[in-house]
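S.K.: Attaching a single structure in structure tokens format; questions to follow.
4 protein chains.
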Amino acid sequence: MKHFEYSRRVGFCDTDAMAVVHHANYLRFYEEARVAWMRARELQETHFPIADAALAVIESKVLHLRPAGFDDKLIIRLQVRREGLKIVFRYDMHIEGKPELISTCETSHVMVNKSMKAVRIAKKFLTALEREPWTETWPLSL
Amino acid sequence: MKHFEYSRRVGFCDTDAMAVVHHANYLRFYEEARVAWMRARELQETHFPIADAALAVIESKVLHLRPAGFDDKLIIRLQVRREGLKIVFRYDMHIEGKPELISTCETSHVMVNKSMKAVRIAKKFLTALEREPWTETWPLSL
Amino acid sequence: MKHFEYSRRVGFCDTDAMAVVHHANYLRFYEEARVAWMRARELQETHFPIADAALAVIESKVLHLRPAGFDDKLIIRLQVRREGLKIVFRYDMHIEGKPELISTCETSHVMVNKSMKAVRIAKKFLTALEREPWTETWPLSL
Amino acid sequence: MKHFEYSRRVGFCDTDAMAVVHHANYLRFYEEARVAWMRARELQETHFPIADAALAVIESKVLHLRPAGFDDKLIIRLQVRREGLKIVFRYDMHIEGKPELISTCETSHVMVNKSMKAVRIAKKFLTALEREPWTETWPLSL
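For the protein sequence lines, the chains are A, B, C and D, in the order given. Using numbering that gives the first Met the number 0, you'd call the opening residue of the first sequence number 0 and step up by one each time. Using numbering that gives the first Met the number 0, you'd call the opening residue of the second sequence number 0 and step up by one each time. Using numbering that gives the first Met the number 0, you'd call the opening residue of the third sequence number 0 and step up by one each time. Using numbering that gives the first Met the number 0, you'd call the opening residue of the fourth sequence number 0 and step up by one each time.
Okay, here's the thing in structure tokens:
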């Protein structure tokens with residue numbers, strides 16, 4: 000099965016004094032992949048700033064298996080599904096041309112408005128979620 | 000029991016378009032607390048840049064219970080212990096003057112050198128770890 | 000003359016692969032000093048989130064004279080004055096215990112509301128500005 | 000004349016509580032454009048991590064003319080030339096589909112090694128610099 004894929008280069012500002020990507024930046028990269036998925040599914044109209052709704056993170060779990068360095072091209076794959084009131088994304092990350100995973104991640108979200116109150120998920124968003132494939136055993140390292 | 004405590008204000012740059020602290024910044028704040036603990040235990044000589052050893056993050060898990068906003072004074076408490084080759088920190092976070100937790104976190108680490116290879120934990124660091132109290136049930140929400 | 004002073008440690012996440020503070024982070028540190036100055040002058044009620052007004056940056060200039068590294072204690076001094084519709088801050092930065100400047104900075108601001116429209120500066124803020132000393136030749140390297 | 004061009008989306012983490020890109024992030028975006036230029040000119044072998052040389056920032060000046068928001072597609076154009084021992088980049092930035100500039104920037108650099116000492120600029124890098132066009136009056140707002 001083919002997962003949604005997003006890619007970006009590691010910037011110099013993303014590295015730390017160990018000359019590898021600082022761990023907090025992984026959450027930024029996974030967020031970029033999430034937003035790219037929303038754009039690919041044409042869900043912008045259901046989200047801030049067009050709608051008063053944003054995917055607030057209520058939990059995140061990141062595993063770090065191998066380091067990444069300046070200018071490495073990162074490939075992030077993801078899957079997403081609804082779990083009751085939550086929306087759950089799972090991701091893995093590798094460097095272009097190298098098959099080994101360098102990180103995996105799971106983030107859980109609720110849709111909230113500007114007052115940070117939970118709101119109903121837009122119908123278009125729900126429909127998109129229902130169409131997404133999900134593999135319970137993917138990624139394996141999580 | 001009294002946990003080690005670290006405090007810092009939320010900067011404007013730490014907020015996002017929802018006017019709350021962006022979730023990736025929590026890992027930066029928890030790292031600051033970890034470093035403050037190392038300084039309080041006088042472990043600087045066992046860590047980069049004095050020693051060729053740094054606490055690499057191999058796993059992190061963050062829960063977000065309530066938002067924090069610009070200029071809020073965050074209080075982070077932590078405990079730490081050794082688990083085999085790993086060093087595990089647990090944290091909670093609240094806003095000064097408000098008892099409710101806004102976030103909890105667990106990070107797991109290995110000590111690595113500049114080549115990102117695992118290295119022995121310095122004796123002084125181990126001794127410090129052995130003196131730290133640990134409450135298995137703290138913080139409750141994890 | 001004594002300038003307003005703010006101090007903070009360099010975090011691990013603030014460093015880059017050259018093992019020094021990444022240049023973009025200086026603007027974050029200078030912002031923290033600016034906010035600390037506002038707090039010291041009790042101007043919170045004139046600024047976001049209490050008032051619909053924020054000090055938007057319209058221009059910044061930063062000089063880098065020497066590097067700073069992980070856990071260095073940075074001391075930032077600043078002065079501020081009104082120049083017509085603009086509010087101008089000047090800063091210098093050194094490491095505790097070392098007299099040499101490592102950076103100087105000038106930032107220019109206008110007060111804007113949530114719609115990013117220029118708004119009148121609150122009277123209390125103006126009064127505070129009028130009381131601040133200003134040395135045209137400080138800091139010298141700018 | 001056609002300047003080198005780099006484009007990227009604004010991430011959610013790049014915004015602040017005013018719902019616009021935080022000013023410190025512009026330096027990160029301009030750095031990305033600089034790195035993309037180096038890659039386009041095939042200069043990677045002259046720079047960290049392949050060579051012990053990196054373009055340290057010694058001065059930056061950023062003007063902010065209009066705000067940018069979440070998911071805006073930013074277009075950065077740049078020119079670069081040698082000025083004695085310094086390498087100077089000038090940039091402008093606009094949002095795709097909107098001709099108005101939102102920011103301009105100038106950064107000055109010296110090539111340094113891991114000990115932060117100035118080093119000779121590699122011949123290949125110099126040759127690339129000599130081929131770059133330069134318009135003294137561009138961008139106008141600087």
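Note that beta-carbon positions come from the ideal geometry of N, C-alpha and C, so glycine has one too. For clarity, every value in this text was computed on a predicted model and none was experimentally measured.
I need the DSSP call for T136 of chain C, collapsed to helix, strand or coil.
M.R.: Of the three classes helix, strand and coil, the one that applies to T136 of chain C here is coil, per DSSP.
S.K.: Tell me whether F88 of chain A sits in a helix, a strand or coil according to DSSP, three-state version.
M.R.: Note: F88 of chain A maps to strand in three-state DSSP.
S.K.: Tell me the residue span of the alpha helix (DSSP H) that contains L26 of chain D.
M.R.: Element bounds for L26 of chain D: 22-39.
S.K.: Starting from D91 of chain A, find everything on chain C with Cβ-Cβ shorter than 7 Å and list it in chain order.
M.R.: What D91 of chain A touches in chain C: nothing, since even the nearest Cβ is about 23 Å away.
S.K.: Using DSSP bridges, identify the partner residues of A127 of chain C.
M.R.: According to DSSP, A127 of chain C bridges with nothing at all.
S.K.: Looking at H63 of chain B: is its Cβ nearer than 8 Å to the Cβ of S102 of chain B?
M.R.: Cβ atoms of H63 of chain B and S102 of chain B: closer than 8 Å.
S.K.: Sorted by chain position, which residues of the same chain lie with C-beta nearer than 8 Å to R80 of chain B's C-beta, five sequence neighbours on each side aside?
M.R.: Once the five neighbours on either side are set aside, the close Cβ partners of R80 of chain B are I86, V87, L128, E131, W133.
S.K.: Does chain C have any CB closer than 8 Å to the CB of H21 of chain A?
M.R.: At least one chain C Cβ lies under 8 Å of H21 of chain A.
S.K.: Below 8 Å between beta carbons is the criterion; list the residues of the region 66-85 of chain C that meet it against any residue of chain A, in chain order.
M.R.: Flagged, chain order: G68, F69.
S.K.: Please tell me whether H22 of chain C and L77 of chain C are closer than 8 Å, where the distance is taken between their beta carbons.
M.R.: Their beta carbons are not under 8 Å apart, which means H22 of chain C does not touch L77 of chain C by this criterion.
S.K.: Specify the secondary structure class of E82 of chain C as computed by DSSP and reduced to three states.
M.R.: Of the three classes helix, strand and coil, the one that applies to E82 of chain C here is strand, per DSSP.
S.K.: Using Cβ-Cβ distances below 7 Å, what residues of the region 15-44 of chain A are close to chain C?
M.R.: Those would be D15, A16, A18, H21, A23, in chain order.
S.K.: Leaving out the 5 sequence neighbours to the left and right, which residues in its chain are closer than 7 Å to H108 of chain A when beta-carbon positions are compared?
M.R.: Closer than 7 Å at the Cβ level, and outside the excluded window around H108 of chain A, lie L54, A55, V56, I57, K85, I86.
S.K.: Would you say A53 of chain D faces chain C, with C-beta separation under 8 Å as the test?
M.R.: It does; some Cβ of chain C falls within 8 Å.
S.K.: Residue range of the beta strand (DSSP E) that C52 of chain C falls in?
M.R.: Before going on, a small fix: residue 52 of chain C reads as Ala here, not Cys. Taken as a continuous stretch (DSSP letters only), A52 of chain C belongs to no beta strand (DSSP E), as it is neither H nor E.
S.K.: From the DSSP output, in three-state form, read off E58 of chain C for me.
M.R.: Three-state result, E58 of chain C: strand.
S.K.: If contact means a Cβ-Cβ distance below 8 Å, which residues of the region 96-115 of chain C contact chain D?
M.R.: Going along the region 96-115 of chain C in chain order, one finds V111, K113, M115 with a Cβ nearer than 8 Å to chain D.
S.K.: Excluding the five sequence neighbours on either side, which residues of its own chain have a C-beta within less than 6 Å of the C-beta of R89 of chain B, listed in chain order?
M.R.: Contacts found: Q78, E105.
S.K.: Can a CB atom of chain D be found closer than 8 Å to the CB of F11 of chain A?
M.R.: Closer than 8 Å: yes.
S.K.: Helix, strand or coil: how does DSSP classify K72 of chain C here?
M.R.: The answer is strand: DSSP assigns K72 of chain C an E or B state.
S.K.: Taking the alpha carbon of P66 of chain B as the reference point, which residue from B:L141, B:M17, B:F28, B:M110 has its own alpha carbon closest?
M.R.: Nearest C-alpha to P66 of chain B: B:M17.
S.K.: Is it the case that the Cβ atoms of L26 of chain B and L73 of chain A are separated by a distance below 8 Å?
M.R.: No, they are not a contact pair.
S.K.: Since H108 of chain B is in the beta strand (DSSP E), which residue starts that stretch and which ends it?
M.R.: Element bounds for H108 of chain B: 100-111.
S.K.: Which residues bound the beta strand (DSSP E) around R7 of chain C?
M.R.: First-last of the beta strand (DSSP E) with R7 of chain C: 3-8.
S.K.: Does any C-beta atom of chain B lie closer than 8 Å to the C-beta of L141 of chain A?
M.R.: Chain B contact via Cβ: absent.
S.K.: What whole-angstrom Cβ distance do D70 of chain A and V34 of chain D have, given they're in contact under 8 Å?
M.R.: About 7 Å; that satisfies the 8 Å criterion.
S.K.: Identify the contact partners of F88 of chain C in chain B, using a Cβ-Cβ distance below 9 Å as the criterion.
M.R.: Here the premise fails: no neighbours, minimum Cβ distance about 14 Å.
S.K.: Can you tell me whether A32 of chain A is buried or exposed, with buried defined as 16 or more other CB within 10 angstroms of its CB?
M.R.: Buried is the call here.
S.K.: Among residues of its own chain, excluding the 5 on either side of V19 of chain A, which ones have a beta-carbon nearer than 8 Å to its beta-carbon?
M.R.: Answer for V19 of chain A: P66, A67, G68, listed in chain order.
S.K.: Let me check understanding here. Comparing Cα to Cα, which of B:Y5, B:N24, B:E4 lies closest to F11 of chain B?
M.R.: The candidate whose alpha carbon is nearest that of F11 of chain B is B:N24.
S.K.: Using 8 Å as the threshold, is the C-beta distance between A121 of chain C and A50 of chain C below it?
M.R.: Contact flag set, yes.
S.K.: Leaving out five residues on either side along the sequence, give the residues of the same chain with a beta carbon under 6 Å from the beta carbon of F47 of chain D.
M.R.: Within the same chain, F47 of chain D has close Cβ partners A53.
S.K.: For a cutoff of 8 Å on Cβ pairs, would you count K1 of chain A as touching chain B?
M.R.: So, not an interface residue.
S.K.: Please classify R119 of chain B: is it buried, with 16 or more other beta-carbons within 10 angstroms of its beta-carbon, or exposed?
M.R.: The residue is exposed, with fewer than 16 neighbouring Cβ atoms inside 10 Å.
S.K.: From L139 of chain A to S59 of chain D, what does the alpha carbon distance come to, in whole angstroms?
M.R.: So the two alpha carbons sit approximately 45 Å from each other.
S.K.: With 8 Å set as the bound, which would you pick, yes or no: does the beta-carbon of F47 of chain D sit closer than that to a beta-carbon of chain A?
M.R.: So yes, F47 of chain D belongs to the interface.
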